[in-house]
Amino acid sequence: MNEMAGLKAPFSAVKYPSRVAIVIGAGFGGLAAALRLRAKGYGVTLIERGAKLGGRAQVFEKGGYRHDAGPTVITAPFLFDELFDLFGKRREDYVKFVPLKPWYRFWFDEDGSTFDYGGTLEETKAEMARFDPADADGYDRLLAHSGKLFDAGFTELADRPFHNPLTMLAQIPRLVTLGSYNTVWQFVCKHLKHPKLRQALSIQPLLVGGSPFDTTSIYGLIHYLERKWGVFFAMGGTGALVDALGKLMSESGVETRMSTTVKQIVVEGGRATGVMLEDGEFIAADVVVSNADAMHLYSSMVPKAAQGLSAKLKRKSARLSMGLYVLYFGTTKQYPDVAHHTIWMGRRYKELLKDIFKRKILANDFSLYVHRPTATDPSFAPAGHDSFYVLCPVPNLQGKLRWNIEGDLLRDRIVDALDRSMLPGLKGCITSDFYMTPEDFESRYLSVAGAGFSVAPHFTQSAWFRFHNKAEGIDGLYLTGAGTHPGAGLPGVLCSAKVIDRLIPAVAPVS
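Just so you know, we're using my numbering here: the sequence shown kicks off at 1203 and counts up by one.
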């Protein structure tokens, strides 16, 4: 069999490109945008204020343990494959994706029960039947509904520009018919009855920055998306995936400037003409793409006089996603029965989320996402040890918490909770631990109010109501990333780069 079948012809670089593009920020949205623009014939310079590619997808190492700092769940892997296909390459030759089973394990602290989600449809329904036999059939109905949301919200709209209000108006009848004005919680409760299954299958909005009690049910499409393609892990971690994209950029001629900060986007006559660096250097460009937090872009990097009214209103009225507290540690023993991805469900659900999103207080209890990459890739820790990353949703910095005090206290509460539940003996074997708070997200990643996922995924902050991929009021400036359409999460930010690919014309080859 011809292994190259189905691939495009090898990319032919334009030696002297007639048009130049600058991409600000080396997160996944910026990496994808740089590659797509290079494939269109632009001379591309990617500028990143950090020392390494990846944006939030950094790699931390301490005491012989490795930790992915950014996204750890890979769904819709074809979106990565597309980037390599643009240049006639195969992603498999750069980084290996392995399927996970289960996709997620849920641990309920109330009674120590577990629910494995993922695997075949039959396996999943059998797991659900342990809680309520009727919910096995309810899951079929949920998937059917999710499939309709997927067709509308992902297949047709995820990589479609929404800067024209007429585009939004044309979609409203269908979105209303699908009930997208409902919340994810309402969507799940329509099909499932058992309280634990309702929690487990409504938790997904937290992975993109929203509460299931506020997030539009269009995000119910995630269930069909995961069922269609599965959940994967990049061997070597997310850092290996970033390295693979970095290698592809180098091979295709994308220039990178690391440890370089863009101070301002220069706008002349209503058009972006380049960027001004912190050291005063001006770099001219025909196209500027920002992968910075959209809130930060419009508050600090774009002249106020040049901004469109809609962008100003969105920035002032935006409801932000929650903050993140992330605890990293190693263990001097292994926990072989702990899954790769575990959602540790606390005893409160709705009221806890109210504390985080509305009251913006740090409660004594919590729910957690526990990542154990050594379940799949032993290279993350010394032999016989484990590496862990524990994410705890917390209020963003609008909550005015004193993280210099709360950070250590929360660390101890999390370790205590895991020690008495799914990680017995943790207190005696934990080592090389450290953590990040929303203050770190604000200072390291310029995330406004330390929000973990920029703008929250409410219906009134989706599609046309979200920050546009084509800058509002400024020609030649485009936006990618979590705060733009279609939203946060790896599929979302990769699709935001596909949107600008549709908007920016290709460059004619230089003869």
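Ideal placement from N, C-alpha and C gives every residue a C-beta, glycine not left out. Bear in mind that the values here come from a model prediction, so they are computed numbers and not experimental data.
Query	Result
Pick from Glu1284, Asn1671, Asp1339, Gly1609 that is closest to Phe1636, judged by C-alpha positions	Gly1609
Rounded C-alpha distance that separates Gln1466 from Asp1481	11 angstroms
Proximity winner among Lys1242, Phe1282, Arg1307, relative to His1543 (alpha-carbon distances)	Arg1307
Beta-carbon spacing of Ala1508, Gly1675 below 8 angstroms	yes
Inter-stretch contact at 8 angstroms, needing at least 3 Cβ pairs: the stretch 1648-1655 / the stretch 1494-1504	yes
Touch test, the stretch 1424-1436 against the stretch 1451-1464, Cβ-Cβ under 8 angstroms, three pairs minimum	no
Stretch pair the stretch 1282-1292 + the stretch 1254-1264: three plus CB contacts closer than 8 angstroms	no
Bridge-paired residues (DSSP) for Tyr1296	Answer by DSSP bridge pairing: none, since Tyr1296 is not bridged.
Coarse secondary structure for His1425, derived from DSSP in three states	helix
Buried versus exposed call for Gly1208 [16 or more other C-beta atoms within 10 Å across all chains shown]	Residue placement at Gly1208 is poorly supported in this model, since its pLDDT is 41, which falls under 50; the coordinates still yield a value, given next. With fewer than 16 other Cβ atoms within 10 Å, it is exposed.
Coil, strand or helix - Arg1221 by DSSP	coil
Contacting residues, own chain, Cβ-Cβ under 8 angstroms from Met1370 (five flanking each side not counted)	Phe1364, Ala1665, Trp1666, Phe1667
Outcome for Ile1374 when other beta-carbon atoms lying within 10 angstroms are tallied against a minimum of 16	exposed
Lys1327 to Ile1424 span [Cα, whole Å]	17 angstroms
Enclosing alpha helix (DSSP H) for Val1617 [first to last residue]	1605-1621
C-alpha gap between Lys1562 and Asp1488, whole angstroms	43 angstroms
Supposed contact pair Leu1351 and Gly1422 - C-beta distance, whole angstroms, cut 8 angstroms	5 angstroms
Whole beta strand (DSSP E) elements within the stretch 1225-1275, 3-residue minimum	1245-1249, 1261-1264, 1267-1270
Through-space distance from Asp1588 to Phe1582, alpha-carbon basis	7 angstroms
Short Cβ contact (8 angstroms threshold) for Gly1691 with Leu1409	yes
Reduced DSSP secondary structure (H/G/I, E/B, other) of Ser1348	helix
Cβ pair count under 8 angstroms reaching 3, the stretch 1341-1359 against the stretch 1677-1685	no
Span of the beta strand (DSSP E) around Ala1474	1473-1479
Neighbour flag for Gly1532 against chain B, beta carbons, 8 angstroms	Although the question refers to chain B, the structure presented lacks it and comprises just one protein chain.
Ile1405 to Ala1235 span [Cα, whole Å]	30 angstroms
Per DSSP, cross-strand counterpart(s) of Leu1359	Paired residues: none, contrary to the question.
Same chain, Cβ closer than 7 angstroms to Met1330, five either side skipped, listed in chain order	Asp1337, Ala1338, Tyr1341, Leu1399
Straight-line gap, Leu1555 to Ser1413 (C-alpha atoms, nearest Å)	7 angstroms
Check whether Thr1274 and Thr1533 have beta carbons under 8 angstroms apart	no
The stretch 1381-1401 contacting the stretch 1514-1531, beta-carbon criterion three pairs below 8 angstroms	no
Backbone secondary structure at Arg1561 - three-state DSSP	helix
Cβ distance (whole Å) where Arg1258 is taken to contact Gly1231 below 8 angstroms	With a Cβ gap of about 11 angstroms, Arg1258 and Gly1231 do not count as contacting.
Start-end ranges of the beta strand (DSSP E) lying completely within the stretch 1375-1460, minimum 3 residues	1434-1436, 1457-1459
Proximity of Lys1361 and Lys1700 at Cβ, strictly below 8 angstroms	What sits at residue 1361 in the sequence shown is Asp, not Lys. Their beta carbons are under 8 angstroms apart, which means Asp1361 touches Lys1700 by this criterion.
Spatial distance of Trp1305 from Glu1453 (CA atoms)	34 angstroms
Cβ shell of Gly1272 (< 6 angstroms), same chain only, five flanking positions each side left out	Arg1258, Ala1259, Thr1440
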